[in-house]
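Undergrad: Number 225 in the UniProt record's numbering belongs to position 225 of the sequence shown; there are no gaps in the numbering. Backbone N, C-alpha and C fix where the C-beta goes; we use that ideal spot for every residue, glycine too.
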Amino acid sequence: MVDGADADTWSGLADGWSRYWGASTAPVHEVLIQAAGIRGGMRVLDVGCGSGEFLARLVADGVLVAGVDPAPGMVELARRRVPGGQVHPGDAEDIPFEDNSFEVVTAVNALQFAAYPFDALDEWARVLVQGGMVAVANWAEGARNDLDVLERAVADAAGEPLAPDGELRRPGGLENVLAEAGLEVLAAGIIATPWQPADDHDLVHGVLLGEFEGTMSDRAPVVLAAAAPFRRPDGGYLLHNHHRWAVARHVI
1 MVDGADADTW SGLADGWSRY WGASTAPVHE VLIQAAGIRG GMRVLDVGCG SGEFLARLVA
61 DGVLVAGVDP APGMVELARR RVPGGQVHPG DAEDIPFEDN SFEVVTAVNA LQFAAYPFDA
121 LDEWARVLVQ GGMVAVANWA EGARNDLDVL ERAVADAAGE PLAPDGELRR PGGLENVLAE
181 AGLEVLAAGI IATPWQPADD HDLVHGVLLG EFEGTMSDRA PVVLAAAAPF RRPDGGYLLH
241 NHHRWAVARH VI
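1. Please report the straight-line C-alpha distance between residue 44 and residue 157, rounded to a whole angstrom.
2. Please report the distance separating the alpha-carbon of residue 48 from that of residue 245.
3. Counting pairs of Cβ atoms below 8 Å between the stretch 5-22 and the stretch 224-236, do you hit three or more?
4. Sorted by chain position, which residues of the same chain lie with C-beta nearer than 8 Å to residue 180's C-beta, five sequence neighbours on each side aside?
5. Roughly how many angstroms separate the alpha carbons of residue 252 and residue 132, rounded to a whole number?
6. Tell me the rounded alpha-carbon separation between residue 240 and residue 227.
7. I need the straight-line Cα distance from residue 159 to residue 243, nearest angstrom please.
8. So for residue 249, helix, strand or coil by DSSP?
9. Examine the ligand NAD and report whether any of its heavy atoms sits within less than 7 Å of the Cβ of residue 209.
10. Check each candidate in 150, 11, 28 and 63 and name the one with the smallest Cα separation from residue 136.
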């Protein structure tokens with residue numbers, strides 16, 4: 001799966017990302033809504049909003065949403081999904097909104113891509129009201145994810161090392177960075193985020209998203225072989241994955 005790519009690359013992959021992965025973090029959305037106390041009428045900014053699935057979920061509850069994403073292609077999809085929201089191109093470290101604009105800032109699979117995570121967190125605190133919440137989540141360590149089996153098989157076939165788990169994926173990683181940024185950590189945990197591609201096509205294109213067609217054809221047999229233990233009788237797949245999450249309060 002593509003990871004750490006630049007904004008132009010993500011723009012080109014926006015439709016594929018939305019199709020194969022857009023719904024995969026829905027359980028994270030629910031836990032963050034509950035843990036951060038998000039309710040109708042609140043102003044919420046989603047950083048790294050991607051194709052807008054979390055924004056749409058919040059709008060369904062009457063939340064006043066805004067989103068930023070560095071990839072114009074993602075911004076376009078998010079705008080279509082939430083036509084009444086304020087969705088803009090923007091980096092995690094440079095949010096295009098005024099001070100004290102939001103009660104909650106959310107970020108799912110976004111903080112780990114910030115070039116300077118503490119600058120990003122300072123910027124999120126700037127746009128929060130006093131006492132506002134930062135609610136973040138990202139992939140848990142590879143050992144907790146069936147997806148790691150597939151990615152490891154692809155890396156081995158290519159003769160490349162699989163990137164090690166970053167600090168934010170490990171137990172306590174999110175809590176530590178939030179606390180070091182001066183935020184008051186209120187809650188944290190881990191949640192199951194199963195991925196259920198419907199068939200071989202969706203499995204291969206999801207895992208190898210961002211690869212050239214020739215490379216995808218060459219590596220598809222590797223993906224399918226590694227995924228055999230996760231295949232369901234109906235031809236789809238069920239991969240048990242997990243995300244770590246944390247919620248912290250902005251205190252001055």
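TA: Well, looking at it:
1. Computed Cα separation, rounded: 43 Å.
2. When rounded, the distance between both Cα atoms is 15 Å.
3. The stretch 5-22 is not in contact with the stretch 224-236.
4. Excluding sequence neighbours, residue 180 sits near 118.
5. Each residue's Cα considered, the two are about 10 Å apart.
6. One C-alpha to the other measures close to 12 Å.
7. If I take the Cα positions, the gap works out to 28 Å.
8. Three-state DSSP puts residue 249 in a strand.
9. The ligand NAD is absent from the structure shown, which contains no ligands of any kind.
10. Residue 136 has its Cα closest to that of 28, out of 150, 11, 28 and 63.
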